[in-house]
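From first to last, the protein sequence lines are chains A and B.
Read in order, the letters of the first sequence are residues 180 to 512 in the working numbering.
Read in order, the letters of the second sequence are residues 45 to 592 in the working numbering.
Just so it is clear, CB atoms sit at the ideal spot from N, CA and C, and this is done for glycine as well.
The structure presented is a predicted model; accordingly, all values stated were derived computationally and were not measured.
Have a look at the structure below before the remarks.
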Amino acid sequence: MIAYLIKRLLEMLPTLLGITLISFFIMHLAPGKPTDILTELNPKITPEARERLEKLYNLDKPVVVQYGLWLKRIVKLDFGESFSTDRRPVMQKIWDQKQSLLDRRLFITLMINLITFAIILAISIPIGVSSATRQNSLYDKVMTTTVFIGFAMPSFWFALLLMMFFGVYLGWLPISGLKSLNYDALPLLGKIWDRTGHLILPVFISAFGGLAADSRFMRSSMLEVIRQDYVTVARAKGLPEKKVIYKHALRNALLPLITLIGLSVPGLIGGSVILESVFGIPGMGQLFFMSVMTRDYPMVMCILTIGGMLTLLGNLFADIGYMLADPRIRARQ
Amino acid sequence: MTKRAFLFLLILLIAVNILGCKEKPAATIKTSSENNSDEPAYGDALIVGSIGEPSILIPMLAGDSASHDIAGLLFNGLVKYDTDLSVIGDLAESWDISKDGLVITFHLRKGVKWADGAAFTADDVKFGYDTIVNEKTPTAYKEDFLQVKKAEVVDKYTFRVAYEKPFAPALTSWSGIVVLPKHLLKDADITKSEFARNPVGLGPFKLKRWTPGQELILDSYREYFEGRPYIDRYVYRLIPDLSTMFLELKAGSIDMMGLTPIQYTKQTNTDFFKNNFQKFRYPVFAYTYMGFNLKHPFFQDKRVRQAIAYAIDKGELIDVVLFGLGSPATGPYVPNTWPYNPNVKKYEYNPEKAKELLKEAGWEDTDGDGLLDKDGIPFRFTIFTNMGNTLRKNAATIIQWRLAKVGIKVEIRALEWSTFINEFIDKRRFEAVILGWQIGLDPDQYDIWHSSKTKEKEFNFVSYNNPEVDELLEKGRRTFNIEERKKAYFRIQEILAEELPYIFLYVPDATPVVNVRFKGIKPAPIGITYNLPKWYAPQKMQKYMVEP
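Written as structure tokens, this is what we have:
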């Protein structure tokens, strides 16, 4: 087991290097430079000033040299300074020690995604199971349609509708942001309610949109399992249907879900560009989008690298999870 | 299992909340009212919605408009523009310009204090100047200051600059961005200093707190040299989506934002809106144009450019693209400002005249396919514009349709900004573009029209070359005499209107909206926020109570 783990971890290194290499060069292949925003079509800038700026960011060196310089720093987990005009360290933008934990970008996205993820699992597993046991019934069809409506509906549009209804018309929920203006003056319970209230709409919308994948996955996995011989055996020996489904069948049907969970790990820090913009949530998705648009190489590379690492780790955890959960795989190792 | 995880998260959320809330109360919603008059009163908070977040609050390093919005409230310049665009004193009480126009002496206001209590003196101006010309300072505004031959502190309240040649934009270059507190920054690396995100200024407001991605809170500076601003707090809320922002406005959570044309014309005519908000409308200092690559064989003949101008209906563009919120542009200046010449050649929509001119220039439909051609080459070209700007894209589409009617086939390509500039503008790989220029308040446009500015990365990318215009541009920036400058710029506009290196399309209007409780707003050609410190909410209408 330990040997297997070490082997897997070592295997991850070249993959990670490959990820950094590809993402670095793809980013640099796009025309344009981070200094463009400041200098292009700006009548007040001279060619000398432009050169000075490019030199400042090492942009005058060949791309290979830039990659080397960057890699050298990254080994020490130093992601460098952002190329945007504020020139703050990249890590500080993601995880600003000076802000309270609740206002740090990575935390915000992580929190929203974890809550959404938990809600999706909590709802889609029962939906999947019950649809499978009532395959092709009216209930199954209604559920299928509902989750696909959620999947197909443009989230920004649905978000605006809900904001209009709950925020403007009824006035029950805040429309955007993470907290109210008078947040600091609220008592503790008020603060908790304030934060929660701001999260209800974004979490609801992203959970509604995410139901389809997991519930359909669960449904088909369940359908497969209930046709197995041991389920027939369980029924034949006279177990109540509830026990057959939830005790015997469900356990096995849940196994493929481990993969799905492993794959969602990188998404946890990615955030959603659209939802974060519509709801004015200062998370990672917004930051990533702005960084790509301004060619802020260090920022983009940092998020890509962390995302790459997390994908690999997610895979690793999924494999380990399988080994722990499924004796058949353990035996094969 | 999942239920337990959810519970755990909830507990985590609560725990974090307990840990993260040691700050003092900042604002509470006010319930009672004492006074019933409309008199100016101190207090209340103005909440402004913005789609962009400032990146740096040192004015000379800032490149984006959000940074300038906030930095403008924290810092002042030596001079500023009055409502009629004449120049008046700000931190400088008065100034003298030598007879030959080469030396400007500023007499600074006495008794002005930085927000930390230190006195403002001529040393701060000199320090700001030294910083901006320092080659290590990554600023985009260096150019005007490199014209200075010598800058010196004469005494504590007198500052003198000398120029090599007379330079008309010289005076106004000292507005806004150059003054910095020497006592705080003299030993710091300005690009890395904490000051950039937590500055000490001397303007009407001072930064209280900046929560990245969420909001900036500014409190009024009570010792402000023009008197304490009435509004106690200015909150800059970041909402990246305009529809969301509009909903926030309707829900009363923000007090001021810029409306989109469709919001201004279609969504704000309800009684609710009229009772709760005041809308404003004035031309912005910018124009949108269609520029030709004058080196391209199609566009070398001015009759072709004129024909295209006749084939485009500017009024229709404004009605459709801007919902009527704009005015036709006739040259590179904004109507109702002193350099603007109203009497230049105008091109009313006239497709017949367009066809005539094209025929004169040799373009005729000889093969009957509906497309004009000349020497066997069909008249077909591409209009480039930048992606993400729907207004420009829409304008291009309407122009495409109008030009099709006179037999010209137009394609439209929208490209991401960096790609557009680097691959197409810089390499001159374009036939026509739709773009816009922001115009400074000084009329000098040397960089855009002078024939020496056609190299790669320079701004005369359409390759315009007219010796008379070159001479007039030179003349306009070398004299301080407004009448003479006016003459030069009037003539330039006449030439541009005749030769049409650009077709000037429209000047859009700014359409801000402010909650009705704020009084004292006086719209002027330069906008509404210039007198923000004088805005107030009458006592009985105040909404927020601000505790310092």
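Is Thr325(A) near the ligand GDP - that is, is its Cβ less than 8 Å away from at least one heavy atom of it? With respect to the ligand GDP, the structure shown offers nothing to examine, as it has no ligands at all.
In chain order, which beta strand (DSSP E) runs of at least 3 residues are fully inside the stretch 225-258 of chain B? 249-255
Run through the stretch 416-458 of chain B for me and flag every whole beta strand (DSSP E) of 3 or more residues, listed as ranges in chain order. 424-430
Report yes if the C-beta distance between Asp134(B) and Ser264(B) is below 9 Å; otherwise report no. No, these two residues do not count as a Cβ contact at 9 Å.
Would you say Ala428(A) faces chain B, with C-beta separation under 9 Å as the test? no
Can you name, in chain order, every residue of its own chain whose Cβ lies under 7 Å from the Cβ of Ile452(B), other than the five neighbours on each side? Leu416, Phe423
Please state whether the Cβ-Cβ distance between Gln537(B) and Pro376(B) is less than 9 Å. At the C-beta level, Gln537(B) and Pro376(B) come within 9 Å of one another.
Check whether chain B comes within 9 Å of Asp257(A), counting only Cβ atoms and requiring the distance to be less than that. no
By the criterion of Cβ-Cβ separation under 7 Å, what are the contact partners of Thr255(B) in chain A? Under a criterion of Cβ atoms nearer than 7 Å, the residues of chain A adjacent to Thr255(B) are, in order, Gln278, Asp282.
Do Met401(A) and Val308(A) count as a contact pair if the criterion is CB distance below 9 Å? yes
Taking the alpha carbon of Gly464(A) as the point to measure from, which residue in Ile299(A), Asn237(A), Phe286(A) has its own alpha carbon closest? Phe286(A)
Interface residues of chain B facing Ile354(A) [CB-CB closer than 8 Å]: Thr288, Leu291, Glu292, Ala295, Ser297
Examine the Cβ distances between the stretch 138-148 of chain B and the stretch 200-211 of chain B and report whether three or more of them are shorter than 8 Å. yes
Give the single residue among Trp579(B), Met589(B), Lys584(B) whose Cα lies nearest to the Cα of Pro248(B). Trp579(B)
If Val557(B) and Met301(B) are in contact, beta carbons under 8 Å, what's the gap, nearest whole angstrom? 6 Å
Just verifying my parser: in three-state terms, what is the DSSP assignment at Asp134(B)? Note: Asp134(B) maps to coil in three-state DSSP.
Grouping DSSP H, G and I as helix and E and B as strand, with all else coil, what is Asn559(B)? strand
Stretch pair the stretch 474-489 of chain A + the stretch 247-264 of chain A: three plus CB contacts closer than 8 Å: Counting Cβ pairs under 8 Å, three or more are found: they touch.
Taking the C-alpha atoms as reference points, what is the distance between Ala159(B) and Leu360(A)? 25 Å
Between the C-alpha atoms of Ala476(B) and Ile526(B), what's the straight-line distance to the nearest angstrom? 35 Å
Grab me the residues of Arg457(B)'s own chain with a C-beta within less than 6 Å of its C-beta, minus the 5 sequence neighbours each way, in chain order. Thr426, Phe428.
I'd like the span of the alpha helix (DSSP H) that includes Ile448(A), first residue to last. 429-449
Taking 9 Å as the threshold (C-beta atoms), are Leu122(B) and Pro243(B) in contact? no
On the criterion of 16 or more Cβ atoms from any shown chain inside 10 Å, does Ser142(B) qualify as buried, or is it exposed? exposed
Segments assigned alpha helix (DSSP H), at least 4 residues, entirely inside the stretch 284-331 of chain B: 286-294, 315-320
Taking just the CA atoms, how far does Ala497(A) sit from Arg507(A)? 15 Å
How big is the Cα-Cα spacing for Phe164(B) and Glu518(B)? 36 Å
Considering only their Cβ atoms, is the gap separating Tyr533(B) from Pro487(B) smaller than 9 Å? Cβ atoms of Pro487(B) and Tyr533(B): closer than 9 Å.
Is Pro284(B) close to chain A, meaning its C-beta is less than 9 Å from at least one C-beta of that chain? Interface with chain A (9 Å Cβ-Cβ cutoff): Pro284(B) is included.
If you drop the 5 nearest sequence neighbours on each side, which residues of the same chain put their C-beta closer than 7 Å to that of Phe52(B)? Bear in mind that a pLDDT of 49 at Phe52(B), under 50, signals an unreliable position, so the number given afterwards is only what the model happens to contain. Counting only Cβ-Cβ distances below 7 Å, and skipping sequence neighbours, we find nothing.
Residues of chain A with a CB under 7 Å from the CB of Lys193(B): which are they? Going along chain A, no residue has its Cβ under 7 Å from Lys193(B), so there is no contact; the nearest lies around 17 Å.
Would you call the stretch 276-296 of chain B and the stretch 344-354 of chain A in contact, with 3 or more CB pairs under 8 Å? yes
Are there 16 or more other CB atoms within 10 angstroms of the CB of Asp299(B), so buried, or fewer, so exposed? buried
Under DSSP, the alpha helix (DSSP H) around Ala311(A) begins and ends at which residues? 284-312
C-alpha gap between Pro582(B) and Ile371(A), whole angstroms: Ile371(A) has its alpha-carbon roughly 34 Å from the corresponding atom of Pro582(B).
Would you kindly work out how many angstroms separate the C-alpha atoms of Val551(B) and Thr127(B), rounded to a whole number? 19 Å
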